[in-house]
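Engineer:
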Amino acid sequence: MIIKEFNHERLKNVRCISLTDDSNVNEFYANFLLEHNKIFSYLQEKDLSEAKSYLMDILKQKIEYMKKSSAFKNDGVMMPFLSFESIKKIYDVELLYLFSDSDLEKSKFGLDSVFVGENLLFLVEYKSRSNSCKEDVVENALEEAAISIFGKDSYDLSTLKYCRKNLDTIKIKQPENILELLDYYKLNRNNADNLIDKAGLSFNICIISPIDEFNIDVLEKHILKKYLNCKTCVQCEQYKCARYKNIKINDVVHIQLSSKFDLEQMYEIMLKKIEACYEEK
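Taking this note's numbering, I'd label the letters of the sequence shown as residues 390 to 670.
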């Protein structure tokens, strides 16, 4: 459900999408990921049987870590899986790359995900919070994501190799145009000026967090004040700052999870459901 949008010259749209259910929310999210083998289809490097076994091991490891330390209460890899279907539907794009298997074990610094449309390379940076957050926290996450897209000198470009490989597996008109955009992005990774106005490149941010009530008017004020209207930051001249005057983020999507969301519980439910599938066989 799209709650509200607002437009700005340098921030095209902010959309808030509620992904909730009145019943057991953690089971709802677990089912959302597992139905029709959805999450396993994202693990493109493995067949279905291997993917299930692999994901079981990963979930056991994550649950063990979460019980030992609060530092693992957030998951910047698994939580974005909840957003993929929404992004695909809203923007009419197809998945080209959504992490790799090894990202589930240890996150790397690379593009979080890449989608494609007709003559369009749709790049998405995710920021997730497992605790319920207010507008100021969401605004800070937006700034962090903008820095991730434009502000890193050292960036793992292995993502682009996966993109080139996966392009052969999807049906898209004029794939040579997408290859050209991939090459252009790679060559100009550290030159924000060249990337910003390149036709066919779309830079986007997806924030995922649980929340009860969300005031997008308050978020708009935060963004306009801290992100869009910065005129004093010395780092702006060095392309390091998310508030650099020419940076343009095409769209921001906030996937709103229920405030009752519990990442550890969701993992435990997912693990039990996958184990049950094996027992049935």
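Cβ atoms here follow ideal geometry from the backbone N, Cα and C, with glycine treated the same way. Quantities reported herein were computed from a predicted structural model and do not represent experimental measurements.
I need the straight-line Cα distance from Ile391 to Ile406, nearest angstrom please.
Structural biologist: For this step, residue 391 is matched to residue 2 along the sequence shown. For this step, residue 406 is matched to residue 17 along the sequence shown. Note that Ile391 scores a pLDDT of 45, beneath 50, so its modelled location is shaky and nothing firm can be said.
Engineer: Tell me Asp640's beta-bridge partners as DSSP assigns them.
Structural biologist: Taking the sequence shown and counting its residues from 1, one reaches residue 640 at position 251. Its beta-bridge partners are Asn402, Asn593.
Engineer: Suppose contacts are defined by Cβ-Cβ distances below 8 Å. Is Leu556 in contact with Leu570 by that definition?
Structural biologist: For the purposes of this step, residue 556 is taken as residue 167 along the sequence shown, with counting starting at 1. For the purposes of this step, residue 570 is taken as residue 181 along the sequence shown, with counting starting at 1. Result no, Cβ atoms of Leu556 and Leu570 do not sit closer than 8 Å.
Engineer: Using the rule of at least 16 other Cβ atoms within 10 Å of the residue's Cβ for burial, across every protein chain shown, is Glu565 buried or exposed?
Structural biologist: Taking the sequence shown and counting its residues from 1, the one referred to as residue 565 is at position 176. Glu565 should be labelled exposed.
Engineer: Taking its Cβ as the centre, do 16 or more other Cβ atoms sit within 10 Å of Ala530, making it buried, or is it exposed?
Structural biologist: Position 141 of the sequence shown, counted from the start, is the residue given in the question as residue 530. Under this definition Ala530 is a buried residue.
Engineer: Say whether the stretch 498-512 touches the stretch 440-453, bearing in mind that this needs 3 or more beta-carbon pairs closer than 8 Å, one atom from each stretch.
Structural biologist: no
Engineer: At what residues does the alpha helix (DSSP H) containing Phe650 begin and finish?
Structural biologist: By one-based count along the sequence shown, residue 650 stands at place 261. No alpha helix (DSSP H) holds Phe650; DSSP gives it neither H nor E.
Engineer: Ignore the nearest five residues each way along the sequence and tell me which others in Leu552's own chain have a CB closer than 7 Å to its CB.
Structural biologist: On the sequence shown, residue 552 is found 163 positions in, with the first residue counted as 1. Reading off the sequence shown, one finds Cys at residue 552, where the question assumed Leu. These residues qualify, in order along the chain: Leu485, Tyr486, Val503, Leu571.
Engineer: Can you grab the Cα-Cα spacing for the pair Asp606 / Val641, in whole Å?
Structural biologist: Residue mapping note: residue 606 aligns to position 217 of the sequence shown, counting from 1. Residue mapping note: residue 641 aligns to position 252 of the sequence shown, counting from 1. Distance between the alpha carbons of Asp606 and Val641 is about 14 Å.
Engineer: Between Lys637, Leu510, Leu444, Lys562, which has its C-alpha nearest Ala534's C-alpha?
Structural biologist: Position 145 of the sequence shown, counted from the first residue, corresponds to residue 534. Cα-wise, what sits closest to Ala534 is Lys637.
Engineer: Just how far apart, CA to CA, sit Phe511 and Leu660?
Structural biologist: Sequence index remark: in the sequence shown, residue 511 carries index 122 (1-based). Sequence index remark: in the sequence shown, residue 660 carries index 271 (1-based). Rounded to the nearest angstrom, the gap between the Cα atoms of Phe511 and Leu660 is 32 Å.
Engineer: Can you give me the C-alpha to C-alpha distance between Lys662 and Lys562, rounded to a whole angstrom?
Structural biologist: Sequence index remark: in the sequence shown, residue 662 carries index 273 (1-based). Sequence index remark: in the sequence shown, residue 562 carries index 173 (1-based). For Lys662 and Lys562, the distance between alpha carbons rounds to 39 Å.
Engineer: Report all residues from its chain with a CB closer than 7 Å to the CB of Tyr656; omit the five preceding and five following residues, and keep chain order.
Structural biologist: Numbered from its first residue, the sequence shown carries residue 656 at position 267. Around Tyr656: Leu448, Lys451, Ile452.
Engineer: From Leu590 to Ala581, what distance separates their C-alpha atoms?
Structural biologist: Locating residue 590 in the sequence shown gives position 201, where the first residue counts as 1. Locating residue 581 in the sequence shown gives position 192, where the first residue counts as 1. C-alpha separation (whole angstroms): 12 Å.
Engineer: Rounded to whole angstroms, what's the CA-CA distance from Arg578 to Asp651? Just pull it up for me.
Structural biologist: Within the sequence shown, the letter at position 189 stands for residue 578. Within the sequence shown, the letter at position 262 stands for residue 651. C-alpha separation (whole angstroms): 36 Å.
Engineer: Taking Cβ to Cβ, would you say Ser472 is nearer than 8 Å to Ile644?
Structural biologist: Residue mapping note: residue 472 aligns to position 83 of the sequence shown, counting from 1. Residue mapping note: residue 644 aligns to position 255 of the sequence shown, counting from 1. Yes, the pair counts as a contact, with Cβ atoms nearer than the cut-off.
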